Every structure is written in structure tokens, then in C-alpha cells.
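K.L.:
Before I ask anything, here is the structure I am working with.
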Amino acid sequence: MNEGVQERAVIRDLSAARRSHFAASHDLLSVIVKGYFSAIAVLLVLDVAATSSKFFIFTRAQVAAFSSSAPHVGAVVLVAALAAGLAAGSRGAPLSLFPAELRLLFLSPVNRERLLRAKAVRAVIRYAVGGAFLGAAVGFGARTLSTAHAADTPLGFGALGAMAGVAYGTGSTISLSLGLARRVAYGIGFLLAAFEAASYLSGLHADPFYLSGETLRYGTGGTAAAFAALAGWALLGAIGVLQSGHADIEKVERHSEMVSRLRFGLATRDIRAVILASRALSEDGYRPRRTLAFLWRSLPSPRMAPFLRSLANFTHWSVRRYIRLLALVFVSTWLATLAWENGALAYLAAIPLAFAAGLELVDALSSVVDRPVNFVNMPVEDGWVVSRLLVLPVIVSVVLFEAAAMASSLLVSGVPLGVMASVALSMGVSVVFGAAITAVRSGAPSVGIGLLTPEAQSFGVFLELIPLVAASVWLLPSVNSHNAVSLGRPPETDALSGAFFSLVVPVGIWAWLRTRNVISAE
Amino acid sequence: MAAEAKTKAKVLEVKELAKSFDHHAAVNGISFALVPGSVTALVGPNGSGKTTIIRTVAGLSKPDSGRIEILGAGAGSRQARSVTSIIFDEPALYADLTVWEHLAFSARLCGVEDFSERADDLLKRFSITELRDFLPSGFSRGQRQKVSLAMGLVRPFKLLILDEPSNGLDGPGVRSLAASLTEAAEAGAAVLVATHLPDLLQVCGAMLAISDGKLVYQGKPDRSRIESPS
């Protein structure tokens, strides 16, 4: 028998053996039940949003405005996906190569290139299918919120999502197989963004990203463009897959190790573990700096220890983390401003980004919960330490969100600065306290959840969304002030009252944090 | 002609191997060779470069410079992998394959279909016969290491490389391992074993000691070099 044929037969047998044991040890019914309950919850939220306030309903004018600029939106999504793929590929994505596989398969005399290409095919298909589902879900949500006067169909959104998935998968496989250094990958991503910006400003509607973005108009005239674009991206995906046989195994192995840690964090719904794995994945650790020595000398009181601990944490961040925090704060505030003026869909992106900024800001608290060694013998209650560790993050957060609000009000015409200042106040405080719940609960909730029935587990997942919900109470002043406009009242007063009312939630969290034993429990 | 014949007799030849990580030289200009029927110990403190050497010989890491040849083939090439068996210090098993399936696929991927007798012998030697049809999720560290050793020994090889193979093994396990290394050398393989254990040193006929990525000793096994290579 041909050696290659025999090799493929053994690998097929290996996969079949693994599948049979996997199927025997996993409960498919439980996965279906969880998916069912999650889908019901999403539909419920959409329905409540579409019927509770006019703010969440897209007007005909907004739908028309989106349709006219849809190709640009699509182009931005594709460029971002391709650039992100290039950057990820320079770190070893998208292939996964786990230790058992490496020892048994890659150290055997099998065709390594073929195995890597097979992995690349699976990765690109997975991203394409994931992107298609995500895109279709966004399209479905937008159509529901537009109460049927949107002519665009979820199909166009789904197709664009699939192309974005292929763009990410292809970008990463090409970057990985060419062994691009990180700065080169980032540089190419920047050039792509600059090219798209130039194309937008010049008004030339002929670049490949714009033409692919036409897919969003599928159902209203973008049909031919959609099929051509899909074919084009599929071809690019095939090129990426063919290249992937030359991937650097060492890089893939290192990346896979971090991905397993990330998956473990996600499986146990431990956001702190996910953050740490993500940082390790992007090789983004702390930097030694000696700028604080004078502060430690001038503030010797033990009462200042938590404050200095927070300050030390901030000063040891890498430059990339400062930039990421600023980007998260400014983009989430800009999206919140955009949502106030142009429709609530932008909130969907603003909420997780603002929460991510909160998670960055409470890093000192998370570090102390992870390694409480310096505070464990301090003769004070844990709550005293925890609440003081949040003082500096709240100050920094409010200052940054207020600055972002000012910038956003200038960028998005029609949104009063008074409104955004109140929203930013609420954002700055709520994201820190919402993230603080995650920090102190890190790793704890999943312990008993595995013992519950699938239905109860589904509701357990919703309980774990509490930090995100708490970090999103800033929606209150935003929605409140928008409703005031529709009632003919000046929005600033309602925004301010909404902001103060929303602060009830952070105050409640602060009281709860003071009762937590998160340090001495270690 | 005589020099050529001598080169051909070498199973593994490493010449001026160098590898750095983040501007730190993990391996710095190391050269050595292994001949058939030899058991060579590779010793050195933690972080001295032992695992880096083994990974580059396996073709899992690309060297910055230097050359590695396994029976005339480049490290990591299909030809080199067909004659090289490598066992790492940290056992890595599929959670969804039984012990027997691990051994079966280890042999079958090297083109060996009549592996049953050899596999049974190895299970007996390492006292894990009763684990044959179990998935490894509940195994102890030592049991997992024994399965890894059996996997590495069930397949054909001319070069056997082991990185700290005695980690987690009990006394009888270490003795079985030592016997396996002697048996492999007697069958004509070249064996390289990275170890800190005097027990394994007894079966070695040669020693390479490295420190800070440099080869500081090459000769007969010397216990004192385990603690202080240089």
C-alpha cells in the first residue's frame, strides 16, 4: 500500500477512536438545553428592547442612512478582521497544536505539512462559520429593532460575517506561514487601515474592501457584488491554507499553550484567568519602573498602602496597555455618543468595551486577590483593603471617561456635552465597580455549578452576567435623557438625575465588597 | 575514506548548535556525536539548555545556527523522525484515548502493525497492564509517565532521546526504565538521556555536561558533574 494512503488511514482511525470516546463521555442533550435557554434569553432581551422604548427602534431615516453607508461599514469590518488576523498570526494563531498531538503525531514520520494544512482548513472554516452566525445574528437583531422597515436581510450580514471570518483566518495563516515579525504585521495592518481611510475620503468606490462591503446591501441590489466578494475571499482563504504547511511549529505550540489556558478560563467562566491568558498570549506583562520611590518614602502610613498598591500597579503597565485603556475608554464613549444620536445598536459594542476598560482599571485589586501575600497580615478587614484599592481606579476612570465624553461630543454633532458629561460620570464609576465584582468572584462561581441540572446551569450563567449588567448601569442616564428629548424636555437635567440614580448600584457593590473575605480566605 | 566511514557510523551528529530566546543564548556552539549501542547522559542545572538541545534535535525548534544530522538526515525531517523516538519529562496524553490505543497509534504511525506482543511486554515491564483499557484522565503523574515511556519504546527507533524520564516514577519504575535503556543500546540504538538521577547514570557509558548553554565536559560518567557540571 502507498505510504501516504496508509498514513492517512491511521490518522483517520486515530480521529475515529477519539470521537467515539468523546461522544461517550459528553452529554449532547445538556449542550442543546443550554443553547436553547440562551437563545430564548437573547430573543427576550431583543423583544423587550424593541417594545419598551422608542429609543431602541431605528427610524426610517436611520435605516436609510445605514443603507447608504453600508459598504463602508462592511469595508471597515473586513479591514479590521484582516489586520487582526495578521497581528494574531505573528503570535502563532490560528493553528492549535496541543502537547499530546505534538508527541504522538508530529514526532512520528508523518507529513507535518499536510497535518498543518488540514488544521488551517478547519480553522478558516470555523472562523467563517462563526463569523456567518455572528453576522446573521447582528442582522437579525437590527431587523427586529427596525420593525421591518429595513430592507436589508440578515443574509447579507451573515455573508459579510463569513467573509470577515475568512479574512481573519487567512490573515493569520499567511502571517504565521511567512513568519512575519509582530511589528511588520502591525505595520501592514496600519497600511491597510490607511488605504481604506484614503479610499473613503477620496470617494473612490472601487477598492476590494468596499466592493465586498456591498454584500451588506444583499436583498436591495448588492447580489452580484455579494457573490463575487464571497468567491474572492474564498480564493484568498485557499491561498492562506496552502501556505500554512510552512508554519513555525514552535510558535504554534507556544500559542496553543496560551489558548488552552484561555479555554480553561472560558470553560470555568473565570474572567480573570481569561485576562491573564490573553495578556500572556500577547506577551504583555508588567514593566519594571522606579518612579515611585519618593512616594513610598513620603507616604509611609500603612493607611496609604492600598492606594500606593494601586498606583504601583498603574505605573508598571506596558505602554501598550496604556494605549489599550485609552482606546477602550475613548471608543466606548464615542460609541455611546453615537448610540444617543444615531440609534441604540452602537450600545452593543459600547457595553463590552467599557466593561473591558473597567477590567483593566481594577488590575491592582485582581492582583491582590490573586496574590494577597502583602496584605494578608495587615490588621484590618479585607473589605477595608478592597474598597481602598478602588479609590484610584475610580478617579482615573472618571477623569478618562469625562475627557472622552468631551472629545466625543465634538466628534458627534447634535449630542449636548451636558448629557455626555453625566453619562461619562456614570460610566467611569460603574465600569470600575462592575469589574470589581468579577475580580473578587474570580474562579469561585463555577465550583458548584457543574453539579446542577442543565436548566439550572443555564440560569447560573445569567447570574454570572451580573458584573456586566452592573457595569452597564450608565445606560440609564443615556436612555433617560434621550426619552426626555422625545418628551420635549431639555435632556441635561434628566441625564444628571439618571447618572446620580445609577450610582446607587456602585454604592451597593461597594457595601457588598466591604463584607467580602477575599484576602484572608487565601 | 576512513573519515567518511566514521561519519556514517554516527547516529546523531550535532555541530556548533546555537539557539537564543529573547537575546539570551540558551545553547551556545555545542558539538557532540552519538554512536550506535551507546547510552549517553546529558547533565546540567535547570535552564542550562538540555531541553533546548532535545527540542532542536526533535525538529520542534529551529536552531539559530549549526547543524544537526540523524543518520545523515536533517533534524525534523521525515527520514530523521522515522528513526528517532523522543520522550519528554512532562507526559502528554490524549484524554480521549485509552492506554492501549496510545501505544497502538504510536506504533502504527511508524508503519508497524504487529505491535501487540511488544506493547504487552512494555505494559508488564512498567506494571501498568491493568490500566490498558482506561482513559488517562484519572492517572497519577507516575502512571502517565510510564504510559509515555511505553509509547516511546513501542515504536521502532535508532536514536532514543529522553528528557528527565524518571520524573514521577517509583523505584521499580526507575529500574525498569534503566533496563529499557540498556536493552535499547544492546539492540544497536544510540541513547541520550537528560537526567539528574545517579541511578540512571549507572547505565550510561558516556556523559555530556552543559552549563549556561555551553558544553563543559565530555567523557566518562562522573557523578560530581551532576551537581556541578563545570
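For the record, the sequence lines run as chains P and W.
Position in the first sequence (first residue = 1) + 1352 = our numbering.
Position in the second sequence (first residue = 1) + 41 = our numbering.
We treat Cβ as the ideally placed atom computed from N, Cα and C, and that holds for glycine.
Remember, predicted model here, so these are calculated numbers, not experimental data.
(1) Evaluate SER157(W) with the Cβ neighbour count: other Cβ atoms within 10 Å of its Cβ, from every protein chain shown; 16 or more gives buried, anything less gives exposed.
(2) For GLY107(W), which of helix, strand or coil comes out of DSSP?
(3) Return the chain-ordered ranges of every alpha helix (DSSP H) run that is complete within the stretch 1559–1631 of chain P and spans a minimum of 4 residues.
(4) Find the residues of chain P that neighbour LEU134(W), judging by a C-beta separation of less than 7 angstroms, and give them in chain order.
(5) Is GLN1595(P) close to chain W? Criterion is C-beta to C-beta, closer than 8 angstroms.
(6) How many angstroms separate the CA atom of SER1367(P) from the CA atom of VAL232(W)?
(7) Just confirm the distance between the C-beta atoms of PRO1819(P) and THR1790(P), as a whole number of angstroms; I'd bet it's less than 8 angstroms.
(8) Between the stretch 183–216 of chain W and chain P, which residues of the former have a C-beta closer than 8 angstroms to a C-beta of the latter?
(9) Do the stretch 101–109 of chain W and the stretch 253–269 of chain W make contact, defined as three or more Cβ pairs closer than 8 angstroms?
(10) At 9 angstroms on the CB atoms, spell out the chain W contacts of GLU1602(P), in chain order.
(11) Determine whether the beta carbon atoms of TRP1862(P) and PHE1785(P) lie at a separation below 8 angstroms.
(12) Please compile the residues from chain W whose C-beta is within a distance smaller than 9 angstroms of the C-beta of SER1849(P).
(13) Taking beta-carbon pairs under 8 angstroms, can you tell me which members of the stretch 161–184 of chain W lie near chain P?
(14) Report yes if the CB atom of ALA1697(P) is closer than 8 angstroms to the CB atom of ALA1494(P), and no otherwise.
(15) Mind listing the chain P neighbours of ARG119(W)? Cutoff is C-beta to C-beta under 9 angstroms, in chain order.
(16) Spatial neighbours of VAL76(W) within its chain, please: CB distance less than 8 angstroms, with the 5 preceding and 5 following residues excluded, ordered by chain position.
(17) For the beta strand (DSSP E) containing ILE251(W), list its first residue and its last residue.
(18) Span of the beta strand (DSSP E) holding LEU238(W)?
(19) Who are the Cβ neighbours of SER1527(P) in its own chain at under 6 angstroms, not counting the five residues just before and after it?
(20) Exposed or buried, what is VAL1671(P) when buried is set at 16 or more other beta-carbons lying within 10 Å of its beta-carbon?
(21) Just to confirm, is the Cβ distance from LEU200(W) to VAL234(W) under 8 angstroms?
(22) For GLY1356(P), which residues in the same chain have their Cβ closer than 8 angstroms to its Cβ, ignoring the five residues on either side in sequence?
(23) Report the rounded CA-to-CA distance for SER1718(P) versus LEU1556(P), giving the unit in angstroms.
(24) From the DSSP output, which residues share a beta bridge with ALA34(W)?
(25) Under 8 angstroms, Cβ to Cβ, is there at least one residue of chain P near PHE156(W)?
(26) Would you say VAL1775(P) faces chain W, with C-beta separation under 8 angstroms as the test?
(27) From ALA136(W), ARG196(W), GLN259(W), pick the residue whose C-alpha is nearest to that of SER123(W); which is it?
(28) Taking 8 angstroms as the threshold (beta carbon to beta carbon), is ILE127(W) in contact with chain P?
(29) Candidates TRP1864(P), LEU1690(P), ASN1726(P), ASP1734(P): which alpha carbon is nearest SER1830(P)'s?
(30) Can you find a C-beta in chain P that's less than 8 angstroms from the C-beta of CYS151(W)?
(31) Work out the CA separation of ARG1371(P) and ARG1624(P) for me, nearest whole Å.
(32) List the residues of chain W whose Cβ lies closer than 7 angstroms to the Cβ of PHE1374(P), in chain order.
(33) Within the same chain, show all residues whose beta-carbon is closer than 7 angstroms to that of GLY1770(P), passing over the 5 residues directly before and after it, in chain order.
(34) Would you mind sorting GLN243(W) into buried or exposed? The rule is 16 or more other CB atoms within 10 Å of its CB.
(35) With GLY183(W) and ASP211(W) assumed to form a contact (beta carbons below 8 angstroms), what rounded beta-carbon distance in angstroms separates them?
(36) Buried or exposed: LEU1680(P), going by 16 or more other Cβ atoms within 10 Å of its Cβ?
P.N.:
Short version:
(1) Numbered from its first residue, the second sequence carries residue 157(W) at position 116. That one is exposed.
(2) Taking the second sequence and counting its residues from 1, one reaches residue 107(W) at position 66. Reduced to three states, the DSSP call for GLY107(W) is strand.
(3) 1560–1565, 1575–1595, 1601–1619
(4) The residue you call residue 134(W) lines up with position 93 of the second sequence. In chain order: ALA1452.
(5) Taking the first sequence and counting its residues from 1, one reaches residue 1595(P) at position 243. Contact of GLN1595(P) with chain W is not assigned, every C-beta pair being separated by 8 angstroms or more.
(6) As a working mapping, residue 1367(P) is identified with position 15 in the first sequence. As a working mapping, residue 232(W) is identified with position 191 in the second sequence. Going by the C-alpha atoms only, they are around 32 angstroms apart.
(7) Numbered from its first residue, the first sequence carries residue 1819(P) at position 467. Numbered from its first residue, the first sequence carries residue 1790(P) at position 438. Between THR1790(P) and PRO1819(P) the Cβ distance is about 4 angstroms, and since that is below 8 angstroms, they are a contact.
(8) Taking 8 angstroms as the Cβ-Cβ cut-off against chain P, the residues of the stretch 183–216 of chain W that qualify are SER189, MET192, ARG196.
(9) Touching, no, given that fewer than three Cβ pairs across the two stretches are closer than 8 angstroms.
(10) Position 250 of the first sequence, counted from the first residue, corresponds to residue 1602(P). Near GLU1602(P) (Cβ distances below 9 angstroms), the residues of chain W are ARG96, LEU101, SER102, LYS103.
(11) The residue given as residue 1862(P) occupies position 510 in the first sequence. The residue given as residue 1785(P) occupies position 433 in the first sequence. A contact, by the Cβ cut-off of 8 angstroms.
(12) Residue 1849(P) sits at position 497 when you count from the first residue of the first sequence. Here the premise fails: no neighbours, minimum Cβ distance about 54 angstroms.
(13) LEU176
(14) Translated into positions along the first sequence, residue 1697(P) becomes position 345. Translated into positions along the first sequence, residue 1494(P) becomes position 142. Looking at the sequence itself, residue 1697(P) is Leu, so the reference to Ala does not match. Yes, Cβ-Cβ distance for LEU1697(P) and ALA1494(P) is below 8 angstroms.
(15) Within the second sequence, the letter at position 78 stands for residue 119(W). PRO1461, VAL1462, ASN1463, ARG1464, listed in chain order.
(16) Stepping through the second sequence from its first residue, residue 76(W) is reached at position 35. Excluding sequence neighbours, VAL76(W) sits near ALA50, LYS51, VAL52, ALA231.
(17) Taking the second sequence and counting its residues from 1, one reaches residue 251(W) at position 210. Start and end: 247–252.
(18) As a first step, residue 238(W) is located in the second sequence; it is residue number 197 there, counting from the start. Per DSSP, LEU238(W) belongs to no beta strand (DSSP E) and is neither H nor E.
(19) One-based indexing of the first sequence puts residue 1527(P) at position 175. Only LEU1438, GLY1441, SER1442, ALA1537 meet the Cβ criterion.
(20) Indexing the first sequence from 1 puts residue 1671(P) at position 319. By the Cβ-count criterion, VAL1671(P) is exposed, with fewer than 16 other Cβ atoms from all chains shown falling within 10 Å of its own Cβ.
(21) Residue numbering aside, residue 200(W) sits at position 159 when the second sequence is read from its first letter. Residue numbering aside, residue 234(W) sits at position 193 when the second sequence is read from its first letter. No, the Cβ-Cβ distance between LEU200(W) and VAL234(W) is not below 8 angstroms.
(22) If you number the first sequence from 1, residue 1356(P) lands on position 4. ASN1463, listed in sequence order.
(23) Residue 1718(P) sits at position 366 when you count from the first residue of the first sequence. Residue 1556(P) sits at position 204 when you count from the first residue of the first sequence. If I take the Cα positions, the gap works out to 49 angstroms.
(24) A query on residue 34(W) cannot be resolved here, the shown segment of chain W reaching from 42 to 271 and no further.
(25) Sequence index remark: in the second sequence, residue 156(W) carries index 115 (1-based). Not closer than 8 angstroms to any Cβ of chain P, the Cβ of PHE156(W) fails to qualify, so no.
(26) Sequence index remark: in the first sequence, residue 1775(P) carries index 423 (1-based). No - not a single Cβ of chain W is within 8 angstroms of the one on VAL1775(P).
(27) Counted from its first residue, the second sequence places residue 123(W) at position 82. When each option's Cα is compared against that of SER123(W), the closest is ARG196(W).
(28) Here residue 127(W) corresponds to residue number 86 of the second sequence, with the count starting at 1. Chain P, which has a Cβ nearer than 8 angstroms to the Cβ of ILE127(W), makes this yes.
(29) Locating residue 1830(P) in the first sequence gives position 478, counting from the first residue. Of the candidates TRP1864(P), LEU1690(P), ASN1726(P), ASP1734(P), the one whose C-alpha sits nearest the C-alpha of SER1830(P) is LEU1690(P).
(30) As a working mapping, residue 151(W) is identified with position 110 in the second sequence. CYS151(W) counts as touching chain P.
(31) For this step, residue 1624(P) is matched to residue 272 along the first sequence. For this step, residue 1371(P) is matched to residue 19 along the first sequence. Distance between the alpha carbons of ARG1624(P) and ARG1371(P) is about 31 angstroms.
(32) What you label residue 1374(P) is simply residue 22 of the first sequence in a count that begins at 1. Chain W residues near PHE1374(P): ASP137.
(33) By 1-based counting over the first sequence, the position of residue 1770(P) is 418. Hits under 7 angstroms: GLU1844, ALA1847.
(34) If you number the second sequence from 1, residue 243(W) lands on position 202. With a threshold of 16 other beta carbon atoms within 10 Å, GLN243(W) falls short and is exposed.
(35) In the second sequence, residue 183(W) corresponds to position 142, counting from 1. In the second sequence, residue 211(W) corresponds to position 170, counting from 1. About 6 angstroms separates the two Cβ atoms, so the contact holds.
(36) For the purposes of this step, residue 1680(P) is identified with residue 328 of the first sequence, where counting begins at 1. The residue is buried, with at least 16 neighbouring Cβ atoms inside 10 Å.
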